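The opening residue of the sequence shown carries number 35 in this note's numbering; numbering runs sequentially from there. Don't be surprised by glycine CBs; every beta carbon is placed ideally from N, CA and C. A quick note: this is a predicted structure, and the numbers were derived from the prediction, not measured. One structure is given here, and the rest of the page talks about it.
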Amino acid sequence: MTDRELLISGLQALLPSVCPQAVEDLLRFSAMLRETNKVMNLTAVTDPNEIVTRHFLDCAALAPYMQPGARVVDVGTGAGFPGLPLAVLCPQTEFILLDALRKRVDFINEGIASLGLVNCTAVHARAEEFAADNRESFDIAVSRAVADLRVLVELTLPLIRVGGSFYAMKAAGCEAEVQAARHACETLGAPETQLISYTVPHSGVDRMLVFLKKSLPTPAQYPRRFKKIQSTPL
Ligand code: SAM
């Protein structure tokens, strides 16, 4: 199968309908990623078919949870994952993609401009500092491959409004990590946790979404400075 065929078939397996323009946009972003990756460390995945499965289809599994009209923050987006594919697939949802590395943010903003996306912006910031001016201002947070859940929840939950949701993308078998983060989740206002298993189409890879519902405000003393979050996670 070509990467185009793989992408179309995988998206059809995950979503009720697939917009042809979204397929074109994702393939264009794949080409940009491969080209820029020659001179900048963006991703370890360079095979076009693997970019489709390991990046696009893995991220597309979150699309059904991205409500139209919602404001979503992707914490530690790296080269744009999961936020950029979700912005392409969910044009009625607004995405802010955060990363601490400026060159990655610049790459994503070039991609956003090249694809003409109007529902997506990449911002150069550390999540724990971004919270000072953007506290509890997002409906949803998403994140993949950034930190252990105990640390990650202190970076993300302060950004989410009460009643909002956090979807952490994790490998299958992350139950012990989730259990270890229970105290942190409760302290930060998200005592309810749900695990959602899924298999990435065309790769057979089993993955898990950790779904946290934020039901209480995050106490004002959080997030702490990053060193503190890492050295003494909640
Ligand atoms: N989410 C992407 C993915 O799944 O491909 C990137 C994962 S990469 C391993 C982790 C990214 O998180 C890096 O680009 C790093 O700069 C970013 N990051 C780590 N801590 C951060 C923080 N406190 N605030 C913002 N970005 C952070």
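Local Cβ density within 10 Å of ARG136, reported as buried at 16 or more and exposed below that: exposed
Chain-order list of residues whose beta-carbon lies under 6 Å from that of LEU40 (same chain, five-residue window excluded): ASN83, VAL86 and HIS236
Three-state secondary structure (DSSP) of MET100: coil
Close beta carbons around ALA156, own chain, < 6 Å, minus the five adjacent residues each side: LEU131, VAL139, ILE142 and ASN143
Simplified DSSP state of HIS236, which is helix, strand or coil: coil
Inter-residue Cα distance where the pair is PHE172 and ARG195: 6 Å
Residue range of the unbroken beta strand (DSSP E) whose run includes GLU128: 128–133
Any chain D beta carbon closer than 9 Å to THR252: Note that chain D does not occur in the displayed structure, where there is just one protein chain.
Cβ-Cβ separation, ALA181 to LEU189 (assumed contact under 8 Å), whole Å: 7 Å
For ALA94, the nearest candidate out of ASN168, LEU76, GLY110 and LEU60 (CA to CA): LEU60
8 Å CB neighbourhood of ASP149 in its chain, flanking five on each side removed: At residue 149 the sequence reads Leu, which differs from the Asp that was named. The residues are ASP59, ARG62, PHE63 and VAL122.
The stretch 205–220 touching the stretch 241–249, judged by at least three CB pairs closer than 8 Å: yes
Where SER231 falls: helix, strand or coil (DSSP): strand
Cβ-based burial, GLY114 [other Cβ within 10 Å; buried from 16]: buried
Residues that ASP108 bridges to, as DSSP identifies them: LEU131 and VAL176
Pairwise C-alpha distance: THR36 and VAL106: 31 Å
C-alpha distance - ASP81 paired with LEU250, whole-angstrom precision: 43 Å
For review: beta carbons within less than 5 Å of any heavy atom in the ligand SAM: GLY110, GLY112, PHE115, ASP133, ALA134, LEU135, ARG160, ALA161, ARG178, ALA179 and VAL180
For PRO192 and ARG169, believed in contact at Cβ under 8 Å, the rounded distance: 6 Å
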